[in-house]
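Student:
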Amino acid sequence: MFDWLDVRAQARAKAGLRRRLVPRSADSDVRNLAGNDYLGLARDPRVVAAASAAARRWGAGSTGSRLVTGTLDAHAELERDLADFCGVESALVFSSGYLANLGALSALGGPGTLLVADEYDHASLIDGMRLSRSDHMRVPHRDVAAVAAALRDRSRKRALVVTDSVFSVDGDLAPLAALAAVCREHSAGLLIDDAHGLGVLGPGGRGAPAAAGIAGAPDVVVTATLSKSLGSQGGVVLGPARVIRHLVETARTFIFDTGLAPASVGAAAEALAVLRAEPELADRVRASARALAERLRAAGLDAAEPAGAVVSVRAPSAQQALDWAGRCAAAGVAVGCFRPPSVPDHVSRLRLTARSDLTEQDLDHVVDVLVATAPARADERLLAT
Ligand SMILES: Cc1ncc(COP(=O)(O)O)c(C=O)c1O
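Its first residue numbered 448, the sequence shown is counted upward by one per residue in the numbering used here.
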């Protein structure tokens, strides 16, 4: 029955698309530029202490789905706090960002709704659109005119435009203010996945919608993860109270899923408190990403200009990207590797994530390692033009 899996595995290996799990040891001294702990809070003693205090108080698990026994005071407090921080009416915590996107899109979409998505949107948004059974279409990357045309020409009464704020592939920013204006003009909603914006963009890390001046708008819904800047685990949907009410009663990934574990809730709440008290963390991670990209470009590598913490560096092929990332790891620097099918333009990339706690020496060392391990420089596709 499963012989075909081996055939598929061989084809993936031949195309340089093999993927494997590499366990990370707790005391590894590798410089980690592959994770999403943008503010360095995942191991912050205050956040770790809050996680263990919440586990001691509530137990290891939340014991049930949110509508049964799985809503604790701690969930309600975190939801109020996240809504207040992000400047929206209401928030709902899910057990991951992936499930927040699936839940929001399947509850807000449906056969009577057109979903319009940027071609670079994250896989969880694409999966959410598929699950929603809505008519959906992909538009060219950051193309506001294409979104306007899709909304103008639609046959469905309801429409929702779906976009990442900071795109995971190249680390660039969606034109959020322009998208919000077009949505309003055409009576459509806007759903923004701010996974890479929360804690990094906007005043004090209040996110990309706040930076674009559209936080709290009545036709805007924001999703985010608690697992990147907030160093914890879990996801959230933020928006008008009536949207959140609708999700509580209809979002299947909320209703039929065990509530987020107390330790994760406690960690996210403490991380948010740290971010409120130290808003400069957000400025620092952005400065660190910009410095990293500038130095990589100065060294001749093809690094994109980062809007937030994600710095993307083009590689000549999937296999070369994989080998390059492997050489970086061997030299003590962990970097991510994006290859098809995760990259819609089929260009493979190394993906580095800046952190607010990177020092000047860290940045120099990372750039030295990337340059020393780069594929042959004769390959013109690798070099910046
Ligand atoms: C843009 C985007 N959306 C959603 C997710 C999913 O979030 P989570 O890891 O909490 O499931 C991620 C993270 O991997 C992401 O990068």
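Where a beta carbon is used, it is the ideal one built from N, C-alpha and C, also for glycine.
Computed from a predicted model, the values in this text were never measured in an experiment.
So does Ser676 have its beta carbon nearer than 7 Å to some heavy atom of ligand 1?
Tutor: For ligand 1, not one heavy atom lies less than 7 Å from the Cβ of Ser676.
Student: From Ala498 to Gly678, what does the alpha carbon distance come to, in whole angstroms?
Tutor: Each residue's Cα considered, the two are about 11 Å apart.
Student: Roughly how many angstroms separate the alpha carbons of Phe449 and Ala458, rounded to a whole number?
Tutor: Between Phe449 and Ala458, the C-alpha separation is close to 15 Å.
Student: I think His583 touches Asp611, with their Cβ atoms under 8 Å apart; what is that distance to the nearest whole Å?
Tutor: Their Cβ separation, rounded to whole angstroms, is 15 Å, which puts His583 and Asp611 out of contact at 8 Å.
Student: Any chance the stretch 494 to 508 sits against the stretch 665 to 673, with 3 or more Cβ pairs inside 8 Å?
Tutor: As far as the Cβ criterion goes, the stretch 494 to 508 does not touch the stretch 665 to 673, which means the pair count is below three.
Student: To the nearest angstrom, how far is it from the Cα of Ala501 to the Cα of Gly660?
Tutor: About 35 Å.
Student: For Thr516, which residues from the same chain have a beta carbon less than 7 Å from its beta carbon, with the 5 sequence-adjacent residues on both sides left out?
Tutor: Closer than 7 Å at the Cβ level, and outside the excluded window around Thr516, lie Thr510.
Student: How is the beta strand (DSSP E) around Ser579 delimited, first residue to last?
Tutor: Here Ser579 belongs to no beta strand (DSSP E); instead the alpha helix (DSSP H) covers Ala570 to Ser579.
Student: Starting from Val535, trace the beta strand (DSSP E) both ways and give me its first and last residue.
Tutor: Neither: Val535 is in no beta strand (DSSP E) and is coded neither H nor E.
Student: Spatial neighbours of Arg828 within its chain, please: C-beta separation below 6 Å, excluding the five flanking residues on both sides.
Tutor: Here the model assigns Arg828 a pLDDT of 45, short of 50, so the residue's position is not dependable, and the following value carries that caveat. Same-chain partners within the cutoff: Pro763.
Student: What residues in its chain sit with their C-beta under 7 Å from that of Arg603, if we drop five residues either side in the sequence?
Tutor: So the list reads Gly559, Thr560, Leu561 and Asp582, once near-sequence residues are dropped.
Student: Helix, strand or coil, according to DSSP, for Ser795 in the structure here?
Tutor: If DSSP states are grouped into helix, strand and coil, Ser795 belongs with coil.
Student: Looking only at its chain, what residues have a beta carbon closer than 7 Å to the beta carbon of Ala530, apart from the 5 residues adjacent to it on each side?
Tutor: Excluding sequence neighbours, Ala530 sits near Glu536, Ser537, Ala538 and Leu685.
Student: Is Ser512 near ligand 1, going by C-beta to nearest heavy atom under 7 Å?
Tutor: Not under cutoff, so the answer is no.
Student: Would you kindly work out how many angstroms separate the C-alpha atoms of Asn479 and Val594, rounded to a whole number?
Tutor: If I take the Cα positions, the gap works out to 37 Å.
Student: Measuring straight from C-alpha to C-alpha, what distance separates Leu525 and Arg731?
Tutor: Cα-Cα distance, rounded: 25 Å.
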